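In the working numbering, the protein residues as written are 3 to 266.
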């Protein structure tokens, strides 16, 4: 089973189990350190995660809010780099599908084929590249398709209709749907327009629609599922919990259980 097939199976299994949506917690690779991030990822799997989104620390993460940005800076200062992050992810990827989140500079500097080969070797299932325009994705998409990796695109509430259709047509794995304008981070409530945002995304693609950005409580996760999301991505709340705890894996395990319960 290749990476894209593992992602499809994870979403299908969540539905077959009677859950309202698949749960995808975000993990900053190398934070608080490489070994701790591996333990946090395994705790996610233990607690009911269906998939894991794995971030590669980057010095200027344009899509990320202050909590995840600070975690990236800390991980970089601790020496976390691409190869180390993939090494820490291997054990997690044996448990659940892992989708890497990185910026395009990393891919081009390393070389597209070499980058994709490294993901396959580590057992990862796909990659999200927030700064990759649909007009420039063909070469990376081809490399991923050849290896059974899912290149997961992002869409926002403000994405124009013609561009949305093009993105949806080339989506692999799932369509990452940003629930609001702005960067990642916790919000007081889910946007009231979310059902329309999800419906708009679902209309242009055959893959599941996963919602991220601004999902910080179990109630908000449940609201996103009720709005029609096939998957719910939780990031800042979990990264903050790991940053504040003496036992990061233990702290996030309890939180992920709460999020998983809210989606049942």
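Just so it is clear, CB atoms sit at the ideal spot from N, CA and C, and this is done for glycine as well.
None of these values were measured; they are calculated from a predicted model.
Our contact map puts residue i next to residue j with C-beta atoms below 8 Å; I'd like the distance itself, whole angstroms only.
i	j	result
residue 237	residue 214	7 Å
residue 241	residue 28	7 Å
residue 26	residue 51	7 Å
residue 265	residue 243	Not quite, the Cβ-Cβ distance comes to about 18 Å (not below 8 Å), so this is no contact.
residue 255	residue 45	4 Å
Measuring only the C-alpha atoms, how far is residue i from residue j?
i	j	result
residue 176	residue 41	26 Å
residue 166	residue 206	7 Å
residue 32	residue 87	6 Å
residue 152	residue 101	8 Å
residue 12	residue 47	12 Å
residue 43	residue 49	10 Å
residue 143	residue 20	32 Å
residue 231	residue 125	26 Å
residue 138	residue 109	13 Å
residue 297	residue 5	No answer is possible for residue 297: it lies beyond the span of the chain, which begins at 3 and ends at 266.
Hey, would you say residue i sits closer than 8 Å to residue j, going by beta carbons?
i	j	result
residue 181	residue 226	yes
residue 136	residue 168	yes
residue 3	residue 73	no
residue 200	residue 219	no
residue 212	residue 233	yes
residue 114	residue 145	yes
residue 78	residue 132	no
residue 53	residue 122	no
residue 159	residue 172	no
Classify residue i as buried or exposed, calling it buried when 16 or more other Cβ atoms lie within 10 Å of its own Cβ.
i	result
residue 141	exposed
residue 105	buried
residue 55	buried
residue 111	exposed
residue 116	exposed
Is there at least one non-hydrogen atom of the ligand COA closer than 7 Å to the beta-carbon of residue i?
i	result
residue 22	Absence of the ligand COA from the depicted structure is noted, as is the absence of any ligand whatsoever, leaving it without description.
In chain order, which continuous runs of the beta strand (DSSP E) of length 3 or greater are located wholly inside the region 204–257? 211–214, 233–236
Give, in chain order, every unbroken run of the alpha helix (DSSP H) that is at least 4 residues long and sits entirely within the region 132–190. 140–149, 163–172
Along the chain, which unbroken stretches of the beta strand (DSSP E) at least 3 residues long are found entirely within the region 20–50? 24–30
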